[in-house]
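*Asks:*
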Amino acid sequence: MLVALIIACEVGFWVLLAGGLALRYLAKMPRLGAAVLLCEPLLELVLLVVTTLDLKNGGEPSWTHGLAALYIGYTVGYGHYTVKWLDRHAAYRFGGGPKPPGPKYGKARAVHEWKLWTRTLAGVAVALGLLQAAIWYVGDAADTGSLQSWQYAALRVLGIQALIAATYTLWPRKAPAVEQREEPVEVER
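If you read the sequence shown in UniProt numbering, its first letter stands for residue 1, the second for the next number, and so on.
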């Protein structure tokens, strides 16, 4: 049941996002679109409540509880960023707004990658907190191995994101050189 709810929350996230942006830019109803977008955190709240109730009612801690914690952590770290990113692109594509800038090269790209790492850190911190709370709630160390393995998985993701950001810092991608065209030489006859 929990897996189906996680999938439903993910599908619901994208449906609300598409609906909110469509209302905002295609139907020219920005307030209603914003209201729909503001409903997205309710999905994570439902998932958190159902996961907690499942454990409270004697559900065996499993990988589904860990996945729910990571999903909630991800949406805390990246949900708002994803909505803003898509909103800027929808404003450009459908609303006549400016093209969203994206740091592609050099120090700006490295800074961007470290900002993404801080978002990952926030998501991992939330996931670790939820998983640890579930471990304490269940109380039996033998039954919490699955939840602890999700904690290690979250830390691995954080480490991988740090390595990615470090590579952009140590070996920044250089902007392509602008070709300088020589002026044609006019030959007098």
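Note that the Cβ used here is the ideal one computed from N, Cα and C, for glycine as well. Here the structure is a predicted model, which means the values were calculated and not measured.
Run through DSSP, which three-state label would Ala177 get?
*Replies:* Reduced to three states, the DSSP call for Ala177 is coil.
*Asks:* Can we count Ala68 as close to the ligand GTP, meaning its CB is less than 7 Å from some heavy atom?
*Replies:* By its list of ligands, the structure shown contains no ligand whatsoever, and the ligand GTP lies outside what it can speak to.
*Asks:* If distances are taken between C-alpha atoms only, which option among Tyr81, Glu44, Ala69, Ala108 comes closest to Phe13?
*Replies:* Comparing Cα-Cα distances from Phe13 to each of Tyr81, Glu44, Ala69, Ala108, the minimum goes to Glu44.
*Asks:* Can you give me the C-alpha to C-alpha distance between Gly79 and Leu170, rounded to a whole angstrom?
*Replies:* Those two C-alpha atoms are separated by around 29 Å.
*Asks:* Considering just the uninterrupted stretch of the alpha helix (DSSP H) at Glu188, what are its terminal residues?
*Replies:* From DSSP, Glu188 is part of no alpha helix (DSSP H); its letter is neither H nor E.
*Asks:* So, is Asp140 buried or exposed, given that buried needs 16 or more other C-beta atoms within 10 angstroms?
*Replies:* So Asp140 ends up on the exposed side.
*Asks:* If I follow the unbroken alpha helix (DSSP H) through Ala34, where does it start and stop?
*Replies:* Residues 30-38.
*Asks:* Can you tell which of Cys9, Leu147, Ala166 has the C-alpha that lies nearest to the C-alpha of Ile72?
*Replies:* Nearest C-alpha to Ile72: Cys9.
*Asks:* What's the C-alpha gap between Leu155 and Val124?
*Replies:* Cα to Cα, the separation comes out at about 7 Å.
*Asks:* Inspect the beta-carbon positions of Leu37 and Leu16 and report whether they are closer than 8 Å.
*Replies:* Contact flag set, yes.
*Asks:* Please confirm whether Arg173 and Tyr81 have their CB atoms less than 8 Å apart.
*Replies:* Taking 8 Å as the Cβ cut-off, Arg173 and Tyr81 do not qualify as a contacting pair.
*Asks:* Nearest to Val138 by alpha carbon, out of Gly33, Leu32, Ser62, Ala22?
*Replies:* Here the closest residue by C-alpha is Ser62.
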